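First the structure, in the form of structure tokens, and then the observations on it.
In my numbering, the protein residues as written are 10 to 232.
Below is the structure:
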């Protein structure tokens with residue numbers, strides 16, 4: 010358990026104890042009690058019932074965490090994004106939470122949540138390298154436009170040129186595998202122009218030639 014999560018749990022224990030002394034339990038207190046018992050769906054529902062906007066904003070992080078644990082991954086992405094927008098000083102917390110959501114989406118095979126989490130990470134923590142997230146995106150079989158957009162963003166956000174080249178190669182390979190050679194060729198050719206390292210350069214050269222051949226045959230067949 011990280012120090013941040015330990016502190017959060019300690020705070021929830023205090024709040025739950027305070028709530029137990031009162032005659033009426035507020036939605037926030039009910040959410041804290043449910044969260045501590047591992048009833049995350051109930052906790053998320055309770056936090057969402059908080060009527061006062063200021064109080065609701067203060068519970069944004071707890072709502073997002075409850076939604077993540079409950080498997081409501083798309084909702085958790087929205088809530089973590091809202092948390093960072095409400096309080097930029099908590100952007101790192103939101104980015105960490107989005108990382109948890111992304112890994113959960115990978116395990117669940119939830120392609121829409123994977124894509125949403127990656128795009129939210131790009132927004133919430135623009136300086137955070139996204140290269141590690143591209144593998145999740147490729148496995149989620151996204152649409153080709155989004156794959157290119159996020160792949161290029163990940164490459165641009167990567168400090169290490171070799172890693173950036175590897176990302177471009179992965180995206181090019183994914184396009185070829187999906188039958189989108191018209192998108193794979195420009196990326197492969199870009200790697201050739203960049204004089205990428207041998208482990209990347211040779212596959213890029215082979216892919217560019219193979220896809221160019223396929224596109225040529227398709228053009229001939231179309232007349």
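Glycine included, every Cβ here is placed at the ideal spot set by N, Cα and C.
Here the structure is a predicted model, which means the values were calculated and not measured.
Item: Is it right to say residue 98 is buried, meaning 16 or more other beta carbons lie within 10 angstroms of its own, or is it exposed?; Value: exposed
Item: Roughly how many angstroms separate the alpha carbons of residue 53 and residue 212, rounded to a whole number?; Value: 47 Å
Item: Please identify the residue among 89, 189, 177, 186 whose C-alpha is closest to the C-alpha of residue 198.; Value: 177
Item: Ordered along the chain, which non-local residues of its own chain (more than five positions away) have a Cβ less than 7 Å from that of residue 70?; Value: 92, 99, 102
Item: Would you kindly work out how many angstroms separate the C-alpha atoms of residue 190 and residue 226, rounded to a whole number?; Value: 12 Å
Item: Can you tell which of 61, 60, 62, 37 has its C-alpha closest to the C-alpha of residue 51?; Value: 37
Item: Mind checking residue 88: buried by the 16 CB within 10 Å criterion, or exposed?; Value: buried
Item: In three-state terms, what does DSSP make of residue 184?; Value: helix
Item: Which same chain residues end up closer than 7 Å to residue 113 when comparing Cβ atoms and leaving out the 5 residues on each side of it in sequence?; Value: 77, 82
Item: In whole angstroms, what is the alpha-carbon distance linking residue 202 and residue 173?; Value: 14 Å
Item: Roughly how many whole angstroms lie between the Cα atoms of residue 137 and residue 219?; Value: 34 Å
Item: Here's a check: name, in chain order, each residue in its chain whose Cβ is nearer than 6 Å to the Cβ of residue 164, leaving out the five neighbours to either side.; Value: 173, 176, 177
Item: Given that a residue counts as buried once 16 or more other Cβ atoms are within 10 Å of its Cβ, and exposed if not, what is residue 123?; Value: buried
Item: Which term fits residue 43, buried or exposed, when burial requires 16 or more other beta carbons within 10 angstroms of its beta carbon?; Value: buried
Item: Can you tell me which of 214, 180, 90, 39 puts its alpha carbon nearest to the alpha carbon of residue 108?; Value: 90
Item: Between which two residues does the alpha helix (DSSP H) harbouring residue 33 extend?; Value: No alpha helix (DSSP H) holds residue 33; DSSP gives it neither H nor E.
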